[in-house]
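Colleague:
In this note's numbering, the protein residues as written are 641 to 1090.
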């Protein structure tokens, strides 16, 4: 059983119901009234509410209506006393999943909760599927990966995509920080307006202020005509500031003012331009640490850091490497009008064994070479698997290859062990032993429904 929230003001009843459901393996949450119960409720919560009707402060019917306003598909089971049948029937008309008349048997409650859980799981699964279909059919950049960290990342992006909050995107070099920023912009309500990217570390300090704020004609030597700044050009859309840690300290003060006031004044001018803009700032550094050492303004860090999005490095989501590589080689083959060479088992193992210090960028470059100059030369130039494996014994190589096969099978079958057993020709006990040996957890390969 999943989570079950029991709401009842009678402590004896509350305790008895909790104990009965815990014996059935449920994770039980409890509340003494509707107001207390609401702290557990959210559109992503994969659980069932079981509530008494008569309670102080907020009764069961009021709680039902509040739950319906949060997520109309969340199952609420009403517990009624003698003479409350008409009230319970009215609750069903308002959207309650079911009701049980006291006294009831534990088996009745468990069965009703089980049916409600199935309904809730199906609802969340369909909701996640609709989001996935929309992501894959939506034009523009995609965030590819089935690793739990990537699913959680996509879930977070979908939550914040239409909010006006500024975001810090943190990740190692080559992780795809700009791609993620473009994804956020393209899938948001700002997607039809400009996405403007600027690398704070690539523009000389003497020019970056003019580049961002713009200038009027004659504002300084060489300013022969008026120039629109990136802030103004991105108005209504998104401004992406890459390598924000490289921004000069003198400019950080002005940047903070723009963020707080949401308006910009071009250099040498008197006109003030109101801004409807979202700032996405990317960094490979720890800005909090930099702010503590006075190399990055602390007030600017806190102003930008409304939401922080961390992109996991490729070595932390190895299961996604073959999927990403295949995506890149198909894209390269389509671009160059070439055939897609087949990927051998040894090459697949080399992909999974490599540490990828350059992350997704390095993987994409390998895919380009793979299509352009052929698999053998590409792998010898970039991965050099022969060199990497030169000190590895035969037994160690077999062990690595076994792990690759088990992980890939689990990935293909979304963690369904019976299907993995059938594909690999293994008994259940043998499969469990191999998963334990390689520290492979089944939960990491299941589709997440939230």
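Ideal Cβ positions, reconstructed from N, Cα and C, are used throughout, including at glycine. All of these numbers come straight from a predicted model, not from anything done at the bench.
According to DSSP, residue 835 sits in a beta bridge with which residue or residues?
Modeller: 878
Colleague: Is residue 720 near residue 744, with beta carbons less than 7 angstroms apart?
Modeller: no
Colleague: For the stretch 708-718 against the stretch 743-760, do three or more pairs of beta-carbon atoms, one drawn from each stretch, fall closer than 8 angstroms, so that the two count as touching?
Modeller: yes
Colleague: Bridge partners for residue 708 per DSSP, in chain order?
Modeller: In DSSP, residue 708 forms no bridge with anything.
Colleague: Give a yes or no on contact between the stretch 912-921 and the stretch 793-807, applying the rule of three or more CB pairs nearer than 8 angstroms.
Modeller: yes
Colleague: Since residue 623 contacts residue 906 with CB under 8 angstroms, what's their CB separation in whole angstroms?
Modeller: With the chain covering 641 to 1090 only, the question about residue 623 has no answer from this structure.
Colleague: Considering only residues of the same chain and omitting the five flanking positions on each side of residue 755, which have a CB-CB separation below 6 angstroms?
Modeller: The beta carbon of residue 755 is closer than 6 angstroms to none in its chain, skipping five residues each way along the sequence.
Colleague: Hey, out of 1019, 1068, 1000 and 1012, whose CA is closest to residue 989's CA?
Modeller: 1019
Colleague: Within the same chain, show all residues whose beta-carbon is closer than 6 angstroms to that of residue 787, passing over the 5 residues directly before and after it, in chain order.
Modeller: 957, 959 and 960
Colleague: On a Cα-Cα basis, can you pick out the residue from 660, 701, 659 and 661 that is closest to residue 675?
Modeller: Looking at the Cα atoms, 701 is the closest of the given residues.
Colleague: Go ahead and pull the three-state DSSP assignment for residue 739.
Modeller: strand
Colleague: Does the Cβ-Cβ distance between residue 647 and residue 666 come in under 7 angstroms?
Modeller: no
Colleague: Closest Cβ-Cβ distance between residue 743 and chain D: below 7 angstroms?
Modeller: Absent here is chain D; the protein component of the structure consists of one chain.
Colleague: Considering just the uninterrupted stretch of the alpha helix (DSSP H) at residue 730, what are its terminal residues?
Modeller: 725-733
Colleague: Hey, quick one: how far does the beta strand (DSSP E) through residue 810 stretch, first residue to last?
Modeller: 807-810
Colleague: Which residue spans inside the stretch 903-964 form an unbroken beta strand (DSSP E) run of at least 3?
Modeller: Listed in chain order, the complete beta strand (DSSP E) runs (minimum 3 residues) inside the stretch 903-964 are 918-923 and 947-950.
Colleague: Closest to residue 857 by CA distance: which of 846, 848 and 869 is it?
Modeller: Nearest option by C-alpha distance: 869.
Colleague: Tell me, please, which residues DSSP counts as bridged to residue 868.
Modeller: 854
Colleague: Reducing DSSP to helix, strand and coil, say where residue 843 ends up.
Modeller: coil
Colleague: Considering only their Cβ atoms, is the gap separating residue 1055 from residue 1077 smaller than 7 angstroms?
Modeller: No, Cβ-Cβ distance for residue 1077 and residue 1055 is not below 7 angstroms.
Colleague: Using only CA atoms, which one of 750, 694, 735 and 686 lies nearest to residue 766?
Modeller: 686
Colleague: With distances taken Cα to Cα, identify the nearest neighbour of residue 843 among 882, 814, 815 and 943.
Modeller: 882
Colleague: Is the stretch 927-939 touching the stretch 824-840 in the sense that three or more CB pairs, one from each, lie closer than 8 angstroms?
Modeller: no
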